[in-house]
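Read the structure below first, then the notes.
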Amino acid sequence: MNHRGGWALIKRSWLSWMQYRSFFFLLAFGWMVPPLVYLFVWHSAAGEASIGGMTAPQFTGYYLTLILVNQLTYSQTNWTLGDVIRSGELNAWLLRPLSPHYNVLSAELAGKVVYLAFILPITGLLALVLRPELNAGPREILLFLPALLLAWLLRFIWGYWLALLAFWATRADALLTLQDSLVFLLAGVVAPVPLLPAAMQTVAIYLPFRYMVGFPIEILTGQLTATHVAQGFAIQAAWLAAALLLARLVWAGGIKRYSAIGG
Amino acid sequence: MTKPCIEVHNLSKTYRVPVREAGLKASLRSLTHRTYQEVEAVQQISFSVEPGEIVGFIGPNGAGKTTTLKMLAGLLHPTGGEATVAGFTPWERRHAYLRRISMVMGNKSQMLWDIPPLDSFQVLGDIYAVPPAEYRQTLDELIDLLGMRELLTKPVRNFSLGERMKCELVAGLIHRPQVLFLDEPTLGLDVSMQNRLRQFIREYNRRSSATILLTSHYMADVTALCPRVILIHEGKLLYDSDLQELARKLAPFKLVHASLLVNSTPPAFPGGLQPVEVSEEGRHTFRLPRDEAAAFTAQLLGSLPVVDLTVEDPPIEAVIDQIYQEGKV
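Chains as they are written, first to last, in my numbering: chain A, 1 to 263; chain B, 264 to 592.
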């Protein structure tokens, strides 16, 4: 591995992205709108009582965390990968003595920094105004952090293998739209997973999408028992392993095809 | 004898291209029954290039130049044959190989548009693990050769095409590649910028002894830089040797231009030869076999009021066009 080169690429991507920070701030704003809408919906639905054991301030805590987690795990880079493959820009990546994955990874990391520069102050401000309730102790925070890291990796690599299908299909990014929709439904955006109807909850627990967003939030908000946390980590790790394997296979096959037909 | 830097043996590339007729019906049918056509882009090409040589790779559009270059740069896997460049098989794309080569394409940019070129160069220096002292020295040298010091801190998006090409060259050469593939480096540039880049490429080759394989549609690039040309047409190698030799072989005639004092009656030319072209100013152009040119010129000067006289080879473009049209040498 060429770490010096990889790090240089990350720094450059960051410099380049900072040039467009207002554009990315607008994107980040767009992405926080749906969770914000659901925050207000559930907040007013709960009123003075509680729904599924969650009070209005708890909903606020849940959704403000979701805005952060959603932003941290969202992989914008995968959307442009299809264009890179189609336009032949991939050639430039392949000509360098550096793993091409670094190009995606560097944009991914650079993006996180730029988005956080926007989203952290905004959620902080919202928290001051909306007064959420978040009873997270050291144990929850300690479990939340690895779950968040795995959630990002899973969401990123899952999207990566889908985006890499662009080696075969011209509009593979339609699959990314599908991934986003399933995240919306099953990962705790439209409603926290514990509040979903039983059948949907079962589906959500076994599919990968909950582990991209909802799972770490449920840990932080204390909605899960120790058994459920352990089970969740196991499923999350299994899906991550599957995603890594798929990405590897699709990349190897895709590059083989690319070298056969040219970019 | 030194070992060749590039050795290509029977290199072939066949693409399988899906074909379908126009229309909705045909497009629906193609969903289930795909038919393919085999396109032989490169057919059994063999050649070798010595270290430090500059070779011009010419041929009409679609001849297979870029495909060959992409195979040698490791981007494409051939369907047949072998190639060794600097001791490596290109399409294995080993990092040790990639560090020794560079491919600069006139129609593709590897510069980031929104940051100054200096930042992009630095990243490439890191990617290629160029030691800092060597990086500064190479950069200084390239920047002086290209005369582009004032460009370094401006964002690339404000550059002209020529300025951007200068950056591409620096970006491609910062790791001092042993082998350089240049695909249409002067594409779309104005005449003086083309000249500038040609001078640069020649000087770079002299200083660094890098082996250079260059494709271009501008014959001026090739005549100025490449003593040797490889001509391919429809995927086949047609000619591989000296450029001037090619012109002599293909065009066994010379052009004689003579400006005469115009008088009303058409003069009688030596041997009854008629000019192929007469300009309004009285400039007569004759086309005649190479070995008769000297005698004809002497007679012409002796018998008619010649004001000015030149003897030249037909333009290389005409020679090349003839090959493209006929498909043979």
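All C-beta atoms in this analysis are idealised placements derived from N, C-alpha and C, irrespective of residue type, glycine included.
Here the structure is a predicted model, which is why all the values come from computation and not from measurement.
**OP:** Pull up the distance between the alpha-carbon of residue 524 of chain B and that of residue 569 of chain B, whole angstroms please.
**Re:** In the second sequence, residue 524 of chain B corresponds to position 261, counting from 1. In the second sequence, residue 569 of chain B corresponds to position 306, counting from 1. The straight-line gap from Cα to Cα measures roughly 7 Å.
**OP:** Closer than 8 Å by C-beta to residue 447 of chain B: which residues in its own chain qualify, once you throw out the five before and the five after it? Chain order, please.
**Re:** Walking along the second sequence from the start, residue 447 of chain B turns up at place 184. Taken in chain order, the residues that qualify are 368, 369, 370, 478, 479, 480.
**OP:** Starting from the C-beta of residue 333 of chain B, find all residues in its chain whose C-beta is less than 7 Å away, skip the five residues before and the five after it, and write them out in chain order.
**Re:** As a first step, residue 333 of chain B is located in the second sequence; it is residue number 70 there, counting from the start. Excluding sequence neighbours, residue 333 of chain B sits near 339.
**OP:** Would you mind telling me which residues of chain B sit closer than 9 Å to residue 172 of chain A, beta carbon to beta carbon, in chain order?
**Re:** Here residue 172 of chain A is taken as the residue at index 172 of the first sequence, counted from 1. Chain B residues near residue 172 of chain A: none, gap ~17 Å exceeds 9 Å.
Original post:
At a Cβ threshold of 8 Å, is residue 103 of chain A touching chain B?
Top reply: In the first sequence, counting from the first residue as 1, residue 103 of chain A sits at position 103. Cβ-Cβ to chain B under 8 Å: no for residue 103 of chain A.
Original post:
For the candidate residues B/580, B/449, B/365, B/522, whose alpha-carbon lies nearest to that of residue 439 of chain B?
Top reply: For the purposes of this step, residue 439 of chain B is taken as residue 176 along the second sequence, with counting starting at 1. Considering only alpha carbons, the answer is B/365.
**OP:** Work out the CA separation of residue 472 of chain B and residue 457 of chain B for me, nearest whole Å.
**Re:** The count along the second sequence starts at 1 and reaches residue 457 of chain B at position 194. The count along the second sequence starts at 1 and reaches residue 472 of chain B at position 209. Whole-angstrom Cα-Cα distance: 21 Å.
**OP:** Taking C-beta pairs closer than 8 Å, name the residues in chain B that residue 2 of chain A reaches, listed in chain order.
**Re:** Counting from one through the first sequence, the residue named residue 2 of chain A turns up at place 2. Neighbours of residue 2 of chain A on chain B, chain order: 358, 390, 392.
Subject >> residue 189 of chain A versus residue 3 of chain A: straight-line alpha-carbon distance, rounded >> reply: Counted from its first residue, the first sequence places residue 189 of chain A at position 189. Counted from its first residue, the first sequence places residue 3 of chain A at position 3. One C-alpha to the other measures close to 37 Å.
Original post:
Within the chosen definition, does the segment 494-505 of chain B reach the segment 316-327 of chain B through at least 3 CB pairs nearer than 8 Å?
Top reply: yes
Subject >> residue 249 of chain A - DSSP class collapsed to helix/strand/coil >> reply: The residue labelled residue 249 of chain A in the question sits at position 249 within the first sequence. Note: residue 249 of chain A maps to helix in three-state DSSP.
Original post:
Does DSSP put residue 281 of chain B in a helix, a strand or coil?
Top reply: Here residue 281 of chain B refers to the residue found at position 18 of the second sequence. Note: residue 281 of chain B maps to strand in three-state DSSP.
Original post:
What residue ranges within the segment 428-452 of chain B form continuous alpha helix (DSSP H) runs of no fewer than 4 residues, ordered along the chain?
Top reply: none
Subject >> For residue 319 of chain B, three-class secondary structure by DSSP >> reply: Residue 319 of chain B sits at position 56 when you count from the first residue of the second sequence. Three-state result, residue 319 of chain B: strand.
Original post:
Tell me which same chain residues have a C-beta within less than 8 Å of the C-beta of residue 191 of chain A, skipping the five on either side of it?
Top reply: Counted from its first residue, the first sequence places residue 191 of chain A at position 191. If we look at residue 191 of chain A and ignore the five residues flanking it on each side, its Cβ neighbours are 38, 42.
**OP:** Can you give me the Cβ contacts of residue 133 of chain A inside the same chain, cut-off strictly under 6 Å, excluding the 5 residues immediately before and after it?
**Re:** For this step, residue 133 of chain A is matched to residue 133 along the first sequence. Cβ within range, chain order: 57, 58, 61.
Subject >> Listed by chain order, chain A residues near residue 439 of chain B by CB distance under 8 Å >> reply: Residue mapping note: residue 439 of chain B aligns to position 176 of the second sequence, counting from 1. Correct list: empty, because the minimum Cβ distance to chain A is about 14 Å.
**OP:** Please go through the segment 82-142 of chain A and give each complete alpha helix (DSSP H) segment of 4 or more residues, from N-terminal end onward.
**Re:** 90-94, 101-130
Original post:
Curious, which full-length beta strand (DSSP E) runs of at least 3 residues does the segment 25-66 of chain A contain?
Top reply: none
Subject >> Alpha carbon of residue 579 of chain B to alpha carbon of residue 399 of chain B, nearest angstrom >> reply: Residue numbering aside, residue 579 of chain B sits at position 316 when the second sequence is read from its first letter. Residue numbering aside, residue 399 of chain B sits at position 136 when the second sequence is read from its first letter. Taking the straight line from one Cα to the other gives about 41 Å.
Original post:
Measuring CB to CB, does residue 218 of chain A end up less than 8 Å from residue 156 of chain A?
Top reply: For this step, residue 218 of chain A is matched to residue 218 along the first sequence. For this step, residue 156 of chain A is matched to residue 156 along the first sequence. No. Outside cutoff.
Subject >> Every unbroken beta strand (DSSP E) within the segment 550-576 of chain B, with a cutoff of 3 residues, ordered by chain >> reply: 569-575
**OP:** Find the nearest neighbour of residue 260 of chain A within the set B/273, B/271, B/311, B/331, judged by alpha-carbon distance.
**Re:** Reading the first sequence from its first residue, position 260 is the one you call residue 260 of chain A. Considering only alpha carbons, the answer is B/331.
Original post:
From which residue to which residue does the beta strand (DSSP E) around residue 493 of chain B run?
Top reply: If you number the second sequence from 1, residue 493 of chain B lands on position 230. Segment 491-496, the beta strand (DSSP E) holding residue 493 of chain B.
**OP:** Could you have a look at residue 2 of chain A and say whether DSSP puts it in helix, strand or coil?
**Re:** Working through the first sequence from its first residue, we reach residue 2 of chain A at position 2. Residue state, collapsed to three classes: coil.
Original post:
residue 306 of chain B by DSSP, collapsed to three states: which one?
Top reply: Reading the second sequence from its first residue, position 43 is the one you call residue 306 of chain B. Strand, per DSSP.
Subject >> Distance, residue 68 of chain A Cα to residue 153 of chain A Cα >> reply: By 1-based counting over the first sequence, the position of residue 153 of chain A is 153. By 1-based counting over the first sequence, the position of residue 68 of chain A is 68. Those two C-alpha atoms are separated by around 16 Å.
**OP:** Give the interface partners of residue 100 of chain A over in chain B, defined as CB-CB distance under 8 Å, in chain order.
**Re:** Position 100 of the first sequence holds residue 100 of chain A. Correct list: empty, because the minimum Cβ distance to chain B is about 10 Å.
Subject >> Cutoff 8 Å: residue 375 of chain B Cβ touching any chain A Cβ >> reply: Along the second sequence, read from residue 1 onward, the residue named residue 375 of chain B stands at position 112. Chain A, which has a Cβ nearer than 8 Å to the Cβ of residue 375 of chain B, makes this yes.
**OP:** Assuming residue 341 of chain B and residue 474 of chain B form a contact by the criterion Cβ under 8 Å, report the distance between their Cβ atoms to the nearest whole angstrom.
**Re:** What you label residue 341 of chain B is simply residue 78 of the second sequence in a count that begins at 1. What you label residue 474 of chain B is simply residue 211 of the second sequence in a count that begins at 1. Incorrect: roughly 20 Å between the Cβ atoms, too far for contact.
**OP:** Out of A/222, A/161, A/98, A/17, point me to the one whose CA is closest to residue 112 of chain A's CA.
**Re:** In the first sequence, counting from the first residue as 1, residue 112 of chain A sits at position 112. Closest by alpha carbon: A/17.
Original post:
Hey, is residue 8 of chain A's beta-carbon within less than 8 Å of any beta-carbon in chain B?
Top reply: By one-based count along the first sequence, residue 8 of chain A stands at place 8. Yes, because at least one Cβ of chain B sits closer than 8 Å to the Cβ of residue 8 of chain A.
**OP:** Would you give the residue range spanned by the alpha helix (DSSP H) that residue 202 of chain A belongs to?
**Re:** Position 202 of the first sequence, counting from 1, holds the residue named residue 202 of chain A. Element bounds for residue 202 of chain A: 198-206.
**OP:** Establish whether the CB of residue 429 of chain B and some CB of chain A are separated by less than 8 Å.
**Re:** Residue mapping note: residue 429 of chain B aligns to position 166 of the second sequence, counting from 1. Closer than 8 Å: no.
Subject >> Inter-residue Cα distance where the pair is residue 277 of chain B and residue 124 of chain A >> reply: What you label residue 277 of chain B is simply residue 14 of the second sequence in a count that begins at 1. What you label residue 124 of chain A is simply residue 124 of the first sequence in a count that begins at 1. Answer to the nearest angstrom: the Cα atoms are 60 Å apart.
Original post:
Considering residue 348 of chain B, what are the terminal residues of the alpha helix (DSSP H) in which it resides?
Top reply: In the second sequence, counting from the first residue as 1, residue 348 of chain B sits at position 85. Note, residue 348 of chain B: premise wrong, no alpha helix (DSSP H); beta strand (DSSP E) at 343-348.
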